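K.L.:
Chains as they are written, first to last, in the working numbering: chain A, -8 to 358; chain B, -8 to 358. Dumping the structure here so I can ask a few things about it.
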């Protein structure tokens, strides 16, 4: 058995994978695969509607918000949201808290002015900036709630009258949120929602009231809202597997229960990182992400050996992002706490092994 | 067994569906699903590279063309290509041959001027315009090679020095093409390539040489070319299934052999439409599509009964597009000729049944 700590596309529940595989062969016993039915069939309409309902009930989405399914990933949202909401003569306020928030800033600059109101770039994004002001005249305030590469997470944002837009790609459905605190939430599916190829957008309808007419259809949120996300062929399979996955989450007890589990999983791992004499955490303790745990070894030369040791215990996907180095362990919803226990035990065993080697080496020298 | 004549997402080979289902459970025996591996793994890099190679070899793509995989469908290409190639002060030449060509025109208008050089809208797009000139100063010439809704197909275009951009969503891989005749070909995957959620783009590299710097990353073809279509997370599963499907096509003998089969399938059906006293074809005989066959019944009130009769024979997906009415029968690569035979026999049986009813009614009246 593999313990899949990959950062995304990532682990999905075994039950969901079984159901998805069955539907690739025969969807609901209709004699056709989920891959070969039209999105205009009643069968698929039921899928997209159930997926929307699950999103609404799991996150408590208010009635005046639309639930949309788009393609292109969160990266497409970086430009699309600016295209829709960064009107001429306006400036958008961005928080620069990591690799992906900086990407969002770069794309917004194609469409208008950006005011970076705070940044943690000075310390390689190992903390989340605080104490900043959101200018009252900003077109919107944008931030990324979880920085996958750096391993920091923001559980709240300053109160503001400005529309709040949040990239929740890597922590949506992992903890309880108050959707009404946001005007637009977007998230690439491939962490806690489903397979790659789909992006969830929750949008307050009033935000769409005063948009211009110069936005091409596939970049216009109104088109998705007015066509139940089916202006053109949607990513049928990605939506279907997201439905299965959200059903699984609901059966498990929903987001509140999942959050308790996610706290337990991340606490277990951070405690071991702090206790173990070989490892140290990379992010500011108060900003530690529950989804992506980043750490290194004091002796960097041991990292390859630990990686091998981990692999021999069935652990995969823990290598850090190339520019960050070290390790990044992702603890998404589908990852059971038993996998974290295996990792923690591996860290302990590796420490003990090293200690024994050292002792036996010292003994040898003594003899 | 179902005979799936759906217009897309459409029938895929049973072998491909079996392999895809297996990979959803366990990809290549690595103990992980194809849905839960990172696109940055060597395993997935092998998939995307093989898919590219298959596209190159099946279509004979010249070396100076890039093979790209994007998201958003052909609809996103409608605006993206104009964003890239419709420079200020320039005009693009468009052929208006159907529902989707008109959509492409509407999206291009967000970015620049469009010259509709010919249109068949006057006759509900039941023919393909001929005898038009492509202005030498056009930024590019755009057309759609197969009109899915109307059932017409274009097998060539006038010679021109202007860059040619073609939407081949519904007939790519169905017939031999000379890629060098085009500067950019795009195609939503969900017909002859694979499941929905991915779009193939073939692009002559020289077309990308003089682009401006004002294009957002996810709309910039150069970004996809320079990052092997992995600037961000690609639609992993859609690409994987496309690879399986293109392997299947190659094993079968490739595009040339498939084209012979497609000619046989469409000829069989058109012959029956022309022979049968109940049915008539909707598109101009010389422009008939091999992929999408459109027809109606002389007595429109019989259409619901024929549809029921067809369904009772396992036939699905033949209802015409809502605005077109009648029937649309799609004969994509994965559809075996035996399915066409079942449909033709259903048309014959339905005709015979009606004739018998008529005879027995006449006998009754006589008695």
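Ideal placement from N, C-alpha and C gives every residue a C-beta, glycine not left out. Because the structure is a prediction, the values reported are computed rather than measured.
Considering only their Cβ atoms, is the gap separating residue 223/A from residue 64/B smaller than 8 Å?
P.N.:
For residue 64/B and residue 223/A, yes; Cβs fall inside 8 Å.
K.L.:
Pull up the distance between the alpha-carbon of residue 67/A and that of residue 209/B, whole angstroms please.
P.N.:
Cα to Cα, the separation comes out at about 6 Å.
K.L.:
Could you tell me which whole alpha helix (DSSP H) segments of length 4 or greater appear in the stretch 282 to 350 of chain A?
P.N.:
Within the stretch 282 to 350 of chain A, the complete alpha helix (DSSP H) runs of at least 4 residues are 294 to 303.
K.L.:
Please report the distance separating the alpha-carbon of residue 167/B from that of residue 301/B.
P.N.:
The straight-line gap from Cα to Cα measures roughly 32 Å.
K.L.:
Under 7 Å Cβ to Cβ from residue 238/B, same chain only, skipping five residues before and after it: list those, please.
P.N.:
The answer, listed in chain order, is 45.
K.L.:
Evaluate contact between the stretch 212 to 227 of chain B and the stretch 106 to 117 of chain A, counting only Cβ atoms and requiring at least three cross-stretch pairs below 8 Å.
P.N.:
Judged by Cβ distances under 8 Å, the stretch 212 to 227 of chain B makes no contact with the stretch 106 to 117 of chain A, as fewer than three pairs qualify.
K.L.:
According to DSSP, is residue 194/A helix, strand or coil?
P.N.:
DSSP places residue 194/A in strand when its eight states are reduced to three.
K.L.:
Note down, in chain order, all residues in the stretch 26 to 47 of chain A with a beta-carbon under 8 Å from any beta-carbon belonging to chain B.
P.N.:
Taking 8 Å as the Cβ-Cβ cut-off against chain B, the residues of the stretch 26 to 47 of chain A that qualify are 26, 27, 28, 29 and 30.
K.L.:
CA-CA distance, residue 335/A and residue 147/A?
P.N.:
Answer to the nearest angstrom: the Cα atoms are 29 Å apart.
K.L.:
Given 7 Å as the limit, tell me if residue 240/A has its C-beta closer than that to any heavy atom belonging to the ligand MG.
P.N.:
Looking for the ligand MG in the displayed structure turns up nothing, as the structure carries no ligands at all.
K.L.:
Do residue 140/B and residue 84/B come within 8 Å of each other at the CB atom, strictly closer than that value?
P.N.:
Not in contact: residue 84/B and residue 140/B (Cβ atoms no closer than 8 Å).
K.L.:
How would you list, in chain order, the residues of chain A whose beta-carbon sits under 7 Å from the beta-carbon of residue 55/B?
P.N.:
Ordered by position in chain A, no residue passes the 7 Å Cβ test against residue 55/B, which lies about 27 Å from the chain.
K.L.:
Suppose only complete runs of 4+ residues qualify. What are the alpha helix (DSSP H) ranges in the stretch 51 to 118 of chain B, listed by chain order?
P.N.:
Counting only runs of 4 or more, we get 64 to 76 and 90 to 99.
K.L.:
Please say whether residue 284/A and residue 80/A have beta carbons closer to each other than 8 Å?
P.N.:
No, the pair does not count as a contact, with Cβ atoms beyond the cut-off.
K.L.:
Count the other C-beta atoms from every protein chain shown that fall within 10 angstroms of the C-beta of residue 352/A, then say buried if there are 16 or more, exposed otherwise.
P.N.:
Its Cβ having fewer than 16 others within 10 Å, residue 352/A is exposed.
K.L.:
What residues of chain B sit near residue 76/A, judged by a beta carbon separation below 7 Å?
P.N.:
Chain B residues near residue 76/A: none, gap ~14 Å exceeds 7 Å.
K.L.:
Rounded to a whole number of angstroms, what is the C-alpha to C-alpha distance between residue -7/B and residue 326/A?
P.N.:
The straight-line gap from Cα to Cα measures roughly 38 Å.
K.L.:
Out of curiosity, what's the CA-to-CA distance linking residue 345/B and residue 269/B?
P.N.:
For residue 345/B and residue 269/B, the distance between alpha carbons rounds to 10 Å.
K.L.:
Got a sec: is the Cβ-Cβ distance from residue 301/A to anything in chain B below 8 Å?
P.N.:
With 8 Å as the cut-off, residue 301/A does not count as an interface residue toward chain B.
K.L.:
Shortest alpha-carbon distance to residue 73/B belongs to which of 7/B, 99/B and 173/B?
P.N.:
It is 99/B.
K.L.:
Going residue by residue through the stretch 232 to 283 of chain A, where are the continuous beta strand (DSSP E) segments of at least 3 residues, counting only ones entirely within it?
P.N.:
Taking only runs of at least 3 residues, the beta strand (DSSP E) segments lying wholly in the stretch 232 to 283 of chain A are 270 to 272.
K.L.:
In the DSSP assignment, find the beta strand (DSSP E) that holds residue 131/B and state where it starts and stops.
P.N.:
That residue, residue 131/B, is in no beta strand (DSSP E); it is neither H nor E in DSSP.
K.L.:
Using the three-state DSSP reduction, which class does residue 139/A fall into: helix, strand or coil?
P.N.:
Coil at residue 139/A, not helix or strand.
K.L.:
Give the interface partners of residue 2/B over in chain A, defined as CB-CB distance under 7 Å, in chain order.
P.N.:
Result: 27.
K.L.:
Would DSSP call residue -5/B helix, strand or coil?
P.N.:
Looking at residue -5/B - three-state DSSP - the assignment turns out to be strand.
K.L.:
Is residue 225/A near residue 233/B, with beta carbons less than 8 Å apart?
P.N.:
Not closer than 8 Å, so no.
K.L.:
Are the beta-carbon atoms belonging to residue 185/B and residue 236/B less than 8 Å from one another?
P.N.:
Yes. Within cutoff.
K.L.:
Between residue 224/B and chain C, is any beta-carbon pair separated by less than 8 Å?
P.N.:
Reference to chain C is not applicable here, since the protein chains of this structure are A and B.
K.L.:
Thinking just about the alpha-carbon of each residue, which of 280/A, 241/A and 243/A is nearest to the one in residue 259/A?
P.N.:
When only C-alpha atoms are compared, the closest one is 280/A.
K.L.:
On a CA-only basis, which of 319/A, 230/A and 251/A is nearest residue 272/A? Give me that one, please.
P.N.:
Comparing Cα positions, the closest option is 319/A.
K.L.:
List, in chain order, every chain B residue whose beta-carbon is nearer than 8 Å to that of residue 15/A.
P.N.:
Chain B residues near residue 15/A: 8, 11, 12 and 15.
K.L.:
Hey, how far is the Cα of residue 329/A from the Cα of residue 14/A?
P.N.:
Using only the alpha carbons, I get a separation of about 29 Å.
K.L.:
Taking three-plus beta-carbon pairs below 8 Å as touching, is the stretch 25 to 35 of chain A in contact with the stretch 43 to 57 of chain B?
P.N.:
At 8 Å Cβ cutoff, the stretches do not touch.
K.L.:
Considering only the alpha carbon of each residue, which of 75/B, 70/B and 77/B lies closest to residue 93/B?
P.N.:
With distances taken between Cα atoms, residue 93/B lies closest to 70/B.
K.L.:
If you draw a straight line from the alpha carbon of residue 266/A to that of residue 183/A, how long is it in whole angstroms?
P.N.:
Looking at the two C-alpha atoms, the distance is approximately 29 Å.
K.L.:
Using beta carbons (cut-off 8 Å, strictly below), is residue 276/B in contact with chain A?
P.N.:
Not an interface residue.
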